Ligand code: ATP
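Have a look at this one:
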């Protein structure tokens, strides 16, 4: 089975961009945040649990996830955030492990915004954190998502773990500041992970 590697970073840090570079090297990427949304919309067991915890309104009449309702119910409420994470995380964990076991690669990447906050890091062999200065992150996201404003981004950032804390818990750090240094950093980590995977064989 492949080594299980996590890649995380705060909003706008560039984790999707860095994951894309790994993917060009042939490494399979599991986009945990997208996959979590898919499971919330499509996994009958998880849907049932979410309805039990947050009410029938969590889904629209045609069975789709009522994102607006859930976001307004959960965002900023620590207790409810914990409840939903505790429902979604085990489903994502099982789905990821099932996916990973079918990949033919020395290692795979699980890309997630909240790798530490959900406890997912404990199920991974190594962790990569993508780190960038706050100012750059905010400017990147404002450019990417023109519908967002700086106050919203600051509220999201306040809820996320700081880069310093993430780096403390990581095995590798990619500094996404100078774009031309991005690929060399990824190549170096890639080589180390390949070597590590070979050691395990
Ligand atoms: P989120 O948590 O919001 O999904 P993310 O950490 O995955 O963010 P990305 O989507 O990779 O971050 O990057 C945020 C934006 O910044 C994207 O539009 C991306 O193209 C751009 N970006 C990332 N890194 C760089 C860079 N080194 N140079 C220029 N643009 C960059």
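Residue numbers (UniProt numbering): 4 to 204. Glycine residues also receive a C-beta, built at the ideal position from the N, C-alpha and C atoms. Computed from a predicted structure; not experimentally measured.
Suppose the cutoff is 8 Å on Cβ atoms and the five residues either side in sequence are ignored; what does the same chain contact list for residue i look like?
i	result
residue 42	49, 91, 94, 95 and 98
residue 18	10, 11, 12, 114, 116 and 133
residue 136	180
With a threshold of 16 other CB atoms inside 10 Å of the CB of residue i, please say whether the residue is buried or exposed.
i	result
residue 52	buried
residue 118	buried
residue 71	exposed
residue 5	buried
residue 138	exposed
residue 169	buried
Whole angstroms is fine: what's the gap from residue i's alpha carbon to residue j's?
i	j	result
residue 131	residue 152	28 Å
residue 185	residue 33	20 Å
residue 14	residue 77	18 Å
residue 35	residue 55	23 Å
residue 156	residue 150	11 Å
Taking the DSSP output, what are the residues bridged to residue i?
i	result
residue 68	62
residue 135	Residue 135 pairs with nothing; no bridge assigned.
residue 113	9 and 33
Near residue i, which residues of its chain fall below 6 Å by C-beta distance, leaving aside the five closest residues on each side in sequence?
i	result
residue 200	6, 109 and 110
Starting from the C-beta of residue i, find all residues in its chain whose C-beta is less than 7 Å away, skip the five residues before and the five after it, and write them out in chain order.
i	result
residue 172	119, 124 and 130
TODO: Kindly provide the ranges of any beta strand (DSSP E) runs that are 3 or more residues long and lie completely inside the segment 6-54, ordered along the chain.
DONE: 6-11 and 32-34
Task: Runs of alpha helix (DSSP H) lying entirely within the segment 172-198, each at least 4 residues, in chain order - done: none
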